[in-house]
Amino acid sequence: MTRFTFMGLNMPQMTAAIGYLLIALGSVFWIFTGYMTALFPALFGGLMVFSALGSRMKPEKNAMFMHIAVLASLSATALGVATVAINPQWSTSTAAVEQLLMTVLSGAHLGVSVASFTYGAPIDAEADRRCGHEDSQWAIPYSNNTVNYPSANESSMAATILLTSPRK
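Here the numbering used here runs 21 ahead of the position in the sequence shown, where the first position is 1.
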């Protein structure tokens, strides 16, 4: 299966690019305004850069790191939309510009993330879902397949392992 790309970048690269732009946006507006709240884009951008770096360092944890990045972009987008909806009369036009830029950048990342997810989704309801790993024993099975789920006897074995005291 080929990886999803947008403008020639895969999702970790796209996440890092948007993250660095958000960090630059927050830093520039903080330097010019002196308000600590101007650093909110930098906070969300830092989470996205952390996720991109984590995905590169541990590719087997790519799904977890990309979910963190999507949570950061969803939060930034929701914050930007909510602040415009709650207080459309901005105290300064500078804050309005920063909120708009943060919302556009994080919204773009959110849109690309949704497109990436739908790209990897199965075409029909009975298709096999693999989460990016073809040989994963924990792949999401067909809806009527119970091979990957433990039976009642196996769960008692797990309880035995969990409840026995460790060796000294």
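By construction, the Cβ of each residue, glycine as well, lies at the ideal position given by its N, Cα and C atoms.
Cα-Cα, which of Gln120, Leu100, Leu131, Leu126 is closest to Leu87? Here residue 87 refers to the residue found at position 66 of the sequence shown. The question names Leu, but residue 87 is Met in the sequence shown. Nearest of Gln120, Leu100, Leu131, Leu126 to Met87, Cα basis: Leu131.
Gln110 versus Ser94 - alpha carbon distance: As a first step, residue 110 must be located in the sequence shown, where it is residue number 89. As a first step, residue 94 must be located in the sequence shown, where it is residue number 73. Whole-angstrom Cα-Cα distance: 24 Å.
Neighbour-count burial assignment, Leu121, 16 or more Cβ in a 10 Å radius: Reading the sequence shown from its first residue, position 100 is the one you call residue 121. With fewer than 16 other Cβ atoms from the protein chains shown falling within 10 Å of its own Cβ, Leu121 counts as exposed.
Beta-bridge partners of Phe27, as assigned by DSSP: On the sequence shown, residue 27 is found 6 positions in, with the first residue counted as 1. Paired residue(s): Leu30.
If you measure between the beta carbons of Met69 and Gly47, is that distance less than 7 Å? Within the sequence shown, residue 69 is the residue found at index 48, counting from 1. Within the sequence shown, residue 47 is the residue found at index 26, counting from 1. No; because the gap between Cβ atoms is not below 7 Å, this pair is not in contact.
Pop quiz: Met123 and Ala99 are said to be a contact at Cβ under 8 Å. What is the actual Cβ separation, rounded to whole angstroms? In the sequence shown, the residue the question calls residue 123 occupies position 102. In the sequence shown, the residue the question calls residue 99 occupies position 78. Incorrect: roughly 11 Å between the Cβ atoms, too far for contact.
Does Tyr56 come out as helix, strand or coil in the three-state DSSP assignment? Position 35 of the sequence shown holds residue 56. Of the three classes helix, strand and coil, the one that applies to Tyr56 here is coil, per DSSP.
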